[in-house]
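Peer 1: Residue numbers (my numbering): 12 to 251. No residue lacks a Cβ here, since even glycine has one placed at the ideal position from N, Cα and C. Predicted model only: the values in this text are computed from it and were never measured.
(1) When you compare the CB positions of residue 28 and residue 78, do they come within less than 8 Å of one another, or not?
(2) Can we say the segment 68 to 76 touches the segment 119 to 134, given the rule of at least three CB pairs closer than 8 Å?
(3) What first and last residue would you give for the alpha helix (DSSP H) that runs through residue 15?
(4) Roughly how many angstroms separate the alpha carbons of residue 202 and residue 91, rounded to a whole number?
(5) In its own chain, which residues sit with a C-beta less than 6 Å from the C-beta of residue 21, not counting the 5 before and 5 after it?
(6) Using CA coordinates, which residue listed in 16, 216, 165 and 65 is at the minimum distance from residue 40?
(7) Candidates 51, 188, 228 and 227: which alpha carbon is nearest residue 218's?
(8) Taking the beta strand (DSSP E) that residue 103 falls in, what are its first and last residues?
(9) Please give me, in chain order, every unbroken run of the beta strand (DSSP E) with length at least 3 that falls completely inside the segment 54 to 106.
(10) I need the straight-line Cα distance from residue 185 to residue 150, nearest angstrom please.
(11) Going by CA-CA distance only, name the one from 67, 176 and 88 that's closest to residue 240.
(12) Determine whether the beta carbon atoms of residue 179 and residue 207 lie at a separation below 8 Å.
(13) With distance defined between alpha-carbon atoms, name the residue in 58, 136 and 61 nearest to residue 82.
(14) Out of curiosity, what's the CA-to-CA distance linking residue 226 and residue 34?
(15) Sort out for me which residues DSSP pairs residue 141 with in a bridge.
(16) Whole angstroms are fine: how far does the CA of residue 14 sit from the CA of residue 49?
(17) Does the beta-carbon of residue 249 have 16 or more other beta-carbons within 10 angstroms, so that it is buried, or is it exposed?
(18) Count the other CB atoms within 10 Å of the CB of residue 205; is the residue buried (16 or more) or exposed (fewer)?
(19) Looking at the structure shown, is residue 30 part of a helix, part of a strand, or coil, going by DSSP?
(20) Would you identify the three-state DSSP class for residue 247, choosing helix, strand or coil?
(21) What are the start and end residues of the alpha helix (DSSP H) that includes residue 204?
(22) Tell me whether the beta-carbon of residue 61 lies closer than 8 Å to the beta-carbon of residue 69.
(23) Between 138, 134 and 115, which lies nearest to residue 168 when the distance is taken from Cα to Cα?
(24) With burial defined as no fewer than 16 other Cβ atoms inside 10 Å of the residue's Cβ, what is the status of residue 242: buried or exposed?
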């Protein structure tokens with residue numbers, strides 16, 4: 012089978028509205044130049060459309076005409092490479108999903124460990140931020156949780172009392188293995204995140220606070236936006 016035929020078969024197997032990049036075609040990087048010509052021919056035939064540089068989608072038709080890919084489908088092409096997650100959405104969009112804020116982000120934030128991803132689509136604008144570890148499908152939710160601790164003071168429209176209960180809910184949802192991982196990832200975050208996590212651990216009577224305490228300067232204090240009674244263990248970790 013020729014490369015062009017292979018690419019067309021792969022695209023025919025995609026769902027309508029699904030996005031893809033060169034890395035999703037199952038071809039060698041050395042074949043990308045040839046693939047570009049095949050994709051251009053398919054685009055001219057109307058079988059695919061270009062979303063942005065190197066990213067395409069299979070058009071979806073409805074009784075009202077052609078539908079654009081969903082926001083989630085558009086973002087998939089930026090968050091995954093060769094079928095593996097390389098980035099995740101953080102910031103206000105994530106905190107809205109976590110129910111920490113009701114505000115909707117105008118500009119999304121994409122966290123990656125060693126790359127910078129910008130998105131400038133009609134409906135979606137996104138800018139890069141730092142991920143504190145290499146991103147995988149298994150750990151991106153843990154990193155997002157730690158991001159919420161890091162950004163706690165700047166989350167818009169945050170009710171700290173209900174916010175603490177939301178954090179506690181998520182910690183209870185994590186498996187023991189994930190709790191061990193989140194503790195390990197926390198060591199890569201700023202000290203205030205480690206103190207915040209330790210206070211939550213202590214509130215839930217979880218193990219792992221010894222390692223977190225050893226990583227902190229006992230003379231340091233951490234300004235964390237809380238109301239009296241939000242987190243009874245906060246004072247044990249110099250959270251003011």
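Peer 2: Considering the structure as presented:
(1) yes
(2) no
(3) 14 to 23
(4) 30 Å
(5) 36
(6) 65
(7) 188
(8) Note, residue 103: premise wrong, no beta strand (DSSP E); alpha helix (DSSP H) at 103 to 108.
(9) 60 to 63, 66 to 68, 71 to 73, 76 to 78 and 99 to 101
(10) 11 Å
(11) 176
(12) no
(13) 136
(14) 40 Å
(15) 123
(16) 8 Å
(17) buried
(18) buried
(19) strand
(20) helix
(21) 202 to 214
(22) no
(23) 115
(24) buried
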